[in-house]
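2 protein chains.
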Amino acid sequence: MSNIREVARLAEVSVATVSRALQQPELVSVKTRNKVLAAVKQAGYQPNLLAVKFRSGKSHNLVVLVPTVANVFFARVISGMQEAAQQRRYSLLLGNTMADDKAEIAYARLVQTSQADGLIQLRAFDPFASLDMTTERLPMVNACEVLDKAPCPVVTLDNRAAAMAMTEHLLSLGHRNIAMIKGPARSPLTRDRVAGYRDALQAAGVAFDETLLCPGNFTLQSGHQATMLLLARDQRPTAIFCENDEMAIGAIQCLKQHGLKVPDDISVAGFDDISFAAFTDPPLTTVAQPAEEFGRTAVNLLIDILEQKLTLLPKVILPFELVLRGSTGPVKTSELVSDTPAVHLT
Amino acid sequence: MSNIREVARLAEVSVATVSRALQQPELVSVKTRNKVLAAVKQAGYQPNLLAVKFRSGKSHNLVVLVPTVANVFFARVISGMQEAAQQRRYSLLLGNTMADDKAEIAYARLVQTSQADGLIQLRAFDPFASLDMTTERLPMVNACEVLDKAPCPVVTLDNRAAAMAMTEHLLSLGHRNIAMIKGPARSPLTRDRVAGYRDALQAAGVAFDETLLCPGNFTLQSGHQATMLLLARDQRPTAIFCENDEMAIGAIQCLKQHGLKVPDDISVAGFDDISFAAFTDPPLTTVAQPAEEFGRTAVNLLIDILEQKLTLLPKVILPFELVLRGSTGPVKTSELVSDTPAVHLT
DNA sequence: ACAACAGATGTAACGGATTACATTTGAACT
DNA sequence: AGTTCAAATGTAATCCGTTACATCTGTTGT
Numbered sequence: 420m421s422n423i424r425e426v427a428r429l430a431e432v433s434v435a436t437v438s439r440a441l442q443q444p445e446l447v448s449v450k451t452r453n454k455v456l457a458a459v460k461q462a463g464y465q466p467n468l469l470a471v472k473f474r475s476g477k478s479h480n481l482v483v484l485v486p487t488v489a490n491v492f493f494a495r496v497i498s499g500m501q502e503a504a505q506q507r508r509y510s511l512l513l514g515n516t517m518a519d520d521k522a523e524i525a526y527a528r529l530v531q532t533s534q535a536d537g538l539i540q541l542r543a544f545d546p547f548a549s550l551d552m553t554t555e556r557l558p559m560v561n562a563c564e565v566l567d568k569a570p571c572p573v574v575t576l577d578n579r580a581a582a583m584a585m586t587e588h589l590l591s592l593g594h595r596n597i598a599m600i601k602g603p604a605r606s607p608l609t610r611d612r613v614a615g616y617r618d619a620l621q622a623a624g625v626a627f628d629e630t631l632l633c634p635g636n637f638t639l640q641s642g643h644q645a646t647m648l649l650l651a652r653d654q655r656p657t658a659i660f661c662e663n664d665e666m667a668i669g670a671i672q673c674l675k676q677h678g679l680k681v682p683d684d685i686s687v688a689g690f691d692d693i694s695f696a697a698f699t700d701p702p703l704t705t706v707a708q709p710a711e712e713f714g715r716t717a718v719n720l721l722i723d724i725l726e727q728k729l730t731l732l733p734k735v736i737l738p739f740e741l742v743l744r745g746s747t748g749p750v751k752t753s754e755l756v757s758d759t760p761a762v763h764l765t
Numbered sequence: 420m421s422n423i424r425e426v427a428r429l430a431e432v433s434v435a436t437v438s439r440a441l442q443q444p445e446l447v448s449v450k451t452r453n454k455v456l457a458a459v460k461q462a463g464y465q466p467n468l469l470a471v472k473f474r475s476g477k478s479h480n481l482v483v484l485v486p487t488v489a490n491v492f493f494a495r496v497i498s499g500m501q502e503a504a505q506q507r508r509y510s511l512l513l514g515n516t517m518a519d520d521k522a523e524i525a526y527a528r529l530v531q532t533s534q535a536d537g538l539i540q541l542r543a544f545d546p547f548a549s550l551d552m553t554t555e556r557l558p559m560v561n562a563c564e565v566l567d568k569a570p571c572p573v574v575t576l577d578n579r580a581a582a583m584a585m586t587e588h589l590l591s592l593g594h595r596n597i598a599m600i601k602g603p604a605r606s607p608l609t610r611d612r613v614a615g616y617r618d619a620l621q622a623a624g625v626a627f628d629e630t631l632l633c634p635g636n637f638t639l640q641s642g643h644q645a646t647m648l649l650l651a652r653d654q655r656p657t658a659i660f661c662e663n664d665e666m667a668i669g670a671i672q673c674l675k676q677h678g679l680k681v682p683d684d685i686s687v688a689g690f691d692d693i694s695f696a697a698f699t700d701p702p703l704t705t706v707a708q709p710a711e712e713f714g715r716t717a718v719n720l721l722i723d724i725l726e727q728k729l730t731l732l733p734k735v736i737l738p739f740e741l742v743l744r745g746s747t748g749p750v751k752t753s754e755l756v757s758d759t760p761a762v763h764l765t
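In order, the protein sequence lines correspond to chains A and B. With our numbering as the guide, the letters of the first sequence map in order to residues 420 to 765. With our numbering as the guide, the letters of the second sequence map in order to residues 420 to 765.
Next up, the structure:
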C-alpha cells in the first residue's frame with residue numbers, strides 16, 4: 420500500500436503539501452494541487468485512516484450493545500442507528516450480547532481502549548460501572564430499556580403510561596380479568612409496564628391479582644408457555660396483555676391450539692408493533708413504538724456529546740401510539756355470567 | 420489517559436520492558452513483571468489499541484454488508500457472525516445497506532482505508548469491483564446470496580436442490596398448479612430457486628407456466644400483494660411456494676382474508692424457517708436454512724484468509740432441511756375436477 | 001530599489017505501542 | 001579470578017498522517 424511519502428516523491432513536493440492538498444485544498448496553489456492529485460492517482464494512494472484515527476485519537480466508531488439482534492424490534496432500532504451513523508460519518512460496532520453482563524463489559528473495553536468513541540446500550544445495565552475507572556466517565560447513551568438513574572442521556576418511552584393506555588383500552592371493552600405476560604423480572608421496563616397496568620386497574624376500581632402476572636422473556640416460546648399456564652387456571656382471563664409482540668403471537672397460537680377464538684373468547688394485546696403484528700390472525704392490537712427513531716435519536720445524542728455540542732445530559736421521551744386491530748374485542752356476556760361470579764353478585 | 424511511558428516512569432523501567440511484561444511475560448523477570456503490573460494498576464493504564472492497530476496495520480475489524488437487518492433471517496446470520504467474531508477477537512462493523520450499490524461501495528472503502536481487514540457480503544454484488552484498485556484484491560467472503568463467479572470464498576446452500584425438494588413435496592401431495600412468489604428478478608438466488616422449481620415440475624411431467632411466477636421482494640407486504648394477484652386469476656393455484664417465510668406469512672394472511680383455508684383450499688410453503696414460521700396458523704411448511712451457521716462459517720473463513728491459514732478459496736455448501744408443518748396438505752379432489760380441466764381431459 | 005507582507009511550501013515533531021539491535025547483568029564453569 | 005553465555009533490559013527506529021513553526025517566493029506600495 421502506498422503512503423503519503425510515496426505520493427510526495429511522485430509529485431515532487433513535501434508530505435505536508437500532499438496532506439494539505441487533500442485536506443484543505445485552498446491552502447495550496449492550483450498547480451501544486453493538480454500535481455498532487457495526479458500523483459495520488461498514479462500511486463493508487465488511499466490514506467490509511469487507521470493512522471488518521473490514531474493521530475486524532477478519535478476512532479469514529481460507536482459500540483452498540485444489543486441484547487439480541489434476532490429480536491425484530493431491536494433490528495428496527497439498529498436500522499435507525501445505522502442510518503444516523505452513516506449520515507454523520509460514524510461506524511457502528513455491533514455487540515450482540517445476549518444480555519450477558521460479562522460480554523457487555525468486554526465490549527465496553529473497546530471504548531476504554533480507544534477503539535470506539537462511545538457506547539449505546541439498549542439494556543438497563545451500565546457496563547462502564549464495573550470497569551476500573553481511574554479516568555472520568557466514558558461517553559454513553561442508554562436507550563429503549565433504560566436505567567432508573569442512568570449516569571448518561573437516555574432515550575425512552577413512557578412505558579408506564581403506554582401500558583396504562585392499553586390496559587384502559589381492555590377495560591373499556593369490558594374486561595375485568597386481564598392477565599399480563601411480563602418480561603424478565605428484574606428489568607425496569609417490565610416493572611414500569613406492570614405499574615401502568617396496575618394504575619389503570621386501580622383507576623377503574625378493579626382489584627389487582629398478582630397471580631395474573633406471568634413471567635416471560637420476550638420470545639415467541641415464552642408467550643406460548645405463559646399462556647398454557649393461564650389456560651390451566653380455574654378462572655381464565657378474558658384478555659392477555661403481552662409486553663411484546665413476539666409473546667403475543669406465541670399467546671395467540673397457544674389459544675388457537677386450545678380451540679379458543681381471538682378475540683371472541685380471549686383478547687390479546689402486544690407491545691412494539693413489529694411488522695408481523697399486522698399479519699397475524701387476527702391482526703394484533705399493540706402499542707407502537709418508534710423503533711427507528713429510538714436508534715436515530717440515540718446515535719445523534721451520542722455524537723453530539725462526543726463533539727461537545729451538548730452540555731447537559733438530556734432525557735428524551737418518545738411518543739407511543741395505541742394501534743387497535745382485531746385481536747382485542749368486547750368481553751363476551753357469557754363470560755361475565757359464567758366466569759366472573761364476582762361481577763354477578765354485586 | 421495514561422500511556423506506556425507513564426507506566427515505565429512509575430515502574431522505573433523502559434517502555435520496552437513494560438511492553439514485554441504485558442505481551443510476552445516470559446521475557447521479563449518476575450520481579451520486574453510485578454513492578455510493571457503494579458505501575459499499570461496505579462496509573463490505571465489501558466493500552467491504546469488504536470495505536471496497536473495502527474502499528475500492526477491490522478484493525479481486527481470486519482465489515483458486514485447486510486441488505487437489511489430488519490429481515491429475521493439475516494438477523495440470525497448476524498448472530499452467528501457475532502458469535503464467531505467474538506471468539507476470534509474480531510469486531511464487526513455493521514453496514515445495513517438496503518441493497519444499495521453505492522452504500523455498499525462506501526462501506527467497502529473501510530477496508531481500502533485500513534479501517535477493516537476484510538468484508539463479508541450477504542448479497543450477490545462485489546463492492547470492490549467498482550473501487551479503483553491499483554492494489555490486489557481485498558479480502559472478502561460472500562455468503563447466503565452469492566455471486567455466480569465470486570472472486571472469493573462463498574458460503575451458500577444448494578438453493579436449486581432445496582427448491583426442487585420443496586416443489587417435489589407439493590407435487591407428491593397432488594398439486595399440479597403450483598405458484599411461486601419470487602424474490603427480486605436479478606438475484607441469482609431467485610434464479611436458482613426458480614430453476615429448482617422447474618426441475619421438479621419437469622421431472623414430474625408437469626408443464627411450466629410462466630404466469631405462475633410472481634415477483635416479490637421478501638417482505639410480508641409483497642407476499643400479500645402477490646397473493647392478491649394469484650387469487651384474481653381464472654384458474655387459481657392450489658399451492659403457493661414462497662421464496663421466504665415473510666412472504667409466505669403475507670400470503671397466508673391474504674388467503675384468510677379472502678375466506679380461504681390453508682391448507683384445505685390452498686397450500687403454502689416458505690423458505691428459511693424463521694422463528695415465526697412455527698407460530699403461524701397453520702404452522703408453516705418451509706425449507707430450514709442453518710442461518711447462524713452461515714454467519715459463523717463466513718466469519719471463520721474470512722479470518723482464516725486474513726491470517727493466511729487458507730491457501731485456496733473454498734466454496735462451502737451448507738445443508739438445508741425440509742420442515743413439514745401444517746400449511747401444506749393434499750390437494751382437494753374437488754379442485755382436480757372443477758379447477759383443473761387440463762388434468763381431467765387427459 | 002527596497003521594505004513589508006501574504007501566500008506557498010518545507011521541515012520536523014508528534015501520537016503510543018512494538019521490536020530489532022545494543023548493552024548490561026549475573027550465573028555457571030574452569 | 002576470569003571467561004563465557006544466556007537472560008534481562010534499554011535505546012531508538014518505525015508505523016503514517018497532521019500540523020506548528022520556519023522558510024522561501026513573489027507582489028505591492030513607496
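No residue lacks a Cβ here, since even glycine has one placed at the ideal position from N, Cα and C.
Exercise for review: Answer yes or no: does any C-beta atom of chain B fall closer than 8 angstroms to that of Gln708(A)?
Suggested key: Not one chain B Cβ lies under 8 angstroms of Gln708(A).
**Study point:** 8 angstroms Cβ cutoff, Arg428(A) in contact with chain B
**Key:** Residue contact with chain B for Arg428(A): absent (no Cβ-Cβ distance below 8 angstroms to any residue of chain B).
Practice item. Taking Thr630(B) as the reference, give the member of Gln534(B), Asn719(B), Pro656(B) with the closest Cα. Key: Distance from the Cα of Thr630(B) is smallest, within the candidate group Gln534(B), Asn719(B), Pro656(B), for Pro656(B).
Practice item. Compare the beta carbon distance of Val426(A) and Ala462(A) with 8 angstroms and say whether it is the shorter of the two. Key: Val426(A) is a Cβ neighbour of Ala462(A), given a cutoff of 8 angstroms.
Review point. Any contact of the region 740-752 of chain A with the region 697-713 of chain A, i.e. 3+ C-beta pairs under 8 angstroms?
Key: Yes, since at least three Cβ pairs between the region 740-752 of chain A and the region 697-713 of chain A fall closer than 8 angstroms, the two stretches touch.
Review point. Out of Cys661(B), Val742(B), Pro733(B), Ala614(B), which has the shortest C-alpha to C-alpha gap to Ala697(B)?
Key: Closest option to Ala697(B), Cα to Cα, is Val742(B).
Point to revise | DSSP-derived helix/strand/coil call for Gln654(A) | key: Three-state result, Gln654(A): coil.
Point to revise | Selected residue, minimal CA-CA separation from Asn453(A), among Leu576(A), Ala525(A), Leu429(A) | key: Selected option, being the one with the closest Cα: Leu429(A).
Point to revise | Whole-Å CB distance - Ile497(B) paired with Gly714(B), under 8 angstroms assumed | key: By a beta-carbon distance limit of 8 angstroms, Ile497(B) contacts Gly714(B). Their separation comes to about 6 angstroms.
Review point. Pick from Arg605(A), Gly537(A), Val625(A): whose alpha carbon is nearest that of Asp723(A)?
Key: The shortest Cα separation from Asp723(A) among Arg605(A), Gly537(A), Val625(A) belongs to Gly537(A).
Check your understanding: Out of curiosity, what's the CA-to-CA distance linking Leu441(B) and Met559(B)?
Key -> So the alpha carbons of these two residues sit roughly 33 angstroms apart.
Practice item. Reducing DSSP to helix, strand and coil, say where Asn663(A) ends up. Key: Residue state, collapsed to three classes: coil.
Review point. If you drop the 5 nearest sequence neighbours on each side, which residues of the same chain put their C-beta closer than 6 angstroms to that of Glu740(B)?
Key: Hits under 6 angstroms: Ala707.
Review point. Straight-line CA distance for Arg556(B) to Pro733(B)?
Key: Their Cα atoms are separated by approximately 16 angstroms.
Exercise for review: Taking the CB atoms as reference points, tell me whether Gly642(B) and Ile597(B) lie closer together than 8 angstroms.
Suggested key: Taking the C-beta atoms as reference points, Ile597(B) is found no nearer than 8 angstroms to Gly642(B).
Review point. Using the beta-carbon of each residue, which ones in chain A are nearer than 8 angstroms to Ile497(B)?
Key: In chain order: Val488, Leu513, Asn515.
Practice item. Report back the beta-carbon spacing between Phe660(A) and Thr586(A) to the nearest angstrom; my notes put them in contact at under 8 angstroms. Key: 6 angstroms between Cβ atoms; contact.
Practice item. Starting from the C-beta of Ala494(A), find all residues in its chain whose C-beta is less than 7 angstroms away, skip the five residues before and the five after it, and write them out in chain order. Key: Answer for Ala494(A): Val488, listed in chain order.
Review point. For Ser746(A) and chain B, any beta-carbon pair shorter than 8 angstroms?
Key: Contacts with chain B at 8 angstroms (Cβ-Cβ) do not include Ser746(A).
Review point. From Met420(B) to Pro466(B), what does the alpha carbon distance come to, in whole angstroms?
Key: Taking the straight line joining both Cα atoms gives about 9 angstroms.
Exercise for review: Could you tell me which uninterrupted alpha helix (DSSP H) segments, each at least 4 residues in length, are contained entirely in the region 610-658 of chain B, listed from first to last along the chain?
Suggested key: Runs of the alpha helix (DSSP H) inside the region 610-658 of chain B: 639-650.
**Study point:** Inter-stretch contact (C-beta, 8 angstroms, three-pair minimum) for the region 608-627 of chain B and the region 566-582 of chain B
**Key:** These segments touch.
Exercise for review: Using a threshold of 8 angstroms, state whether the C-beta atoms of Leu566(A) and Pro603(A) are closer than that.
Suggested key: Cβ atoms of Leu566(A) and Pro603(A): not closer than 8 angstroms.
Check your understanding: Which same chain residues, not among the five before or five after Asn480(B), have their C-beta less than 6 angstroms away from its C-beta?
Key -> Excluding sequence neighbours, Asn480(B) sits near Ser510, Leu512, Ala535.
Practice item. Tell me, please, whether the CB atom of Gly678(A) is closer than 8 angstroms to any CB atom in chain B? Key: By the rule that beta-carbons nearer than 8 angstroms mark a contact, Gly678(A) does not touch chain B.
Point to revise | Met517(A) - DSSP class collapsed to helix/strand/coil | key: Looking at Met517(A) - three-state DSSP - the assignment turns out to be coil, as it is neither helix nor strand.
Review point. Should Val449(B) be labelled buried (16 or more other beta-carbon atoms within 10 Å of its own) or exposed?
Key: By the 10 Å Cβ count, Val449(B) comes out exposed.
Check your understanding: For Tyr372(B), which residues from the same chain have a beta carbon less than 8 angstroms from its beta carbon, with the 5 sequence-adjacent residues on both sides left out?
Key -> Nothing can be reported for residue 372(B), as the shown portion of chain B is limited to 420 through 765.
Exercise for review: Select from the region 677-704 of chain B all residues with a C-beta closer than 7 angstroms to any C-beta belonging to chain A, and list them in chain order.
Suggested key: Those would be Ser694, Phe695, Phe698, Asp700, in chain order.
Check your understanding: Is the Cβ of Ala494(B) closer than 8 angstroms to any Cβ of chain A?
Key -> Interface residue (Cβ-Cβ distance to chain A less than 8 angstroms): Ala494(B) is classified as such.
Exercise for review: For Leu441(B), decide whether its Cβ has a neighbour in chain A, counting only Cβ atoms nearer than 8 angstroms.
Suggested key: Taking 8 angstroms as the CB threshold, Leu441(B) stays off the interface with chain A.
Check your understanding: Measuring CA to CA, which of Asp664(B), Asp520(B), Pro634(B), Val483(B) is closest to Leu541(B)?
Key -> Residue Val483(B) is the option with its Cα nearest to Leu541(B).
Point to revise | Spatially closest choice to Pro486(A) from Glu662(A), Ala518(A), Leu731(A), by CA coordinates | key: Nearest C-alpha to Pro486(A) among Glu662(A), Ala518(A), Leu731(A): Ala518(A).
**Study point:** Residue span of the alpha helix (DSSP H) that contains Phe492(B), given as start and end
**Key:** Taken as a continuous stretch (DSSP letters only), the alpha helix (DSSP H) holding Phe492(B) covers 491-506.
Practice item. Could you tell me whether the Cβ of Ser438(A) comes closer than 8 angstroms to any Cβ of chain B? Key: Answer no: the Cβ-Cβ gap between Ser438(A) and chain B never drops below 8 angstroms.
Review point. Could one say the Cβ of Gln534(A) lies closer than 8 angstroms to chain B's Cβ atoms, at least one of them?
Key: With its beta carbon less than 8 angstroms from one in chain B, Gln534(A) belongs to the interface.
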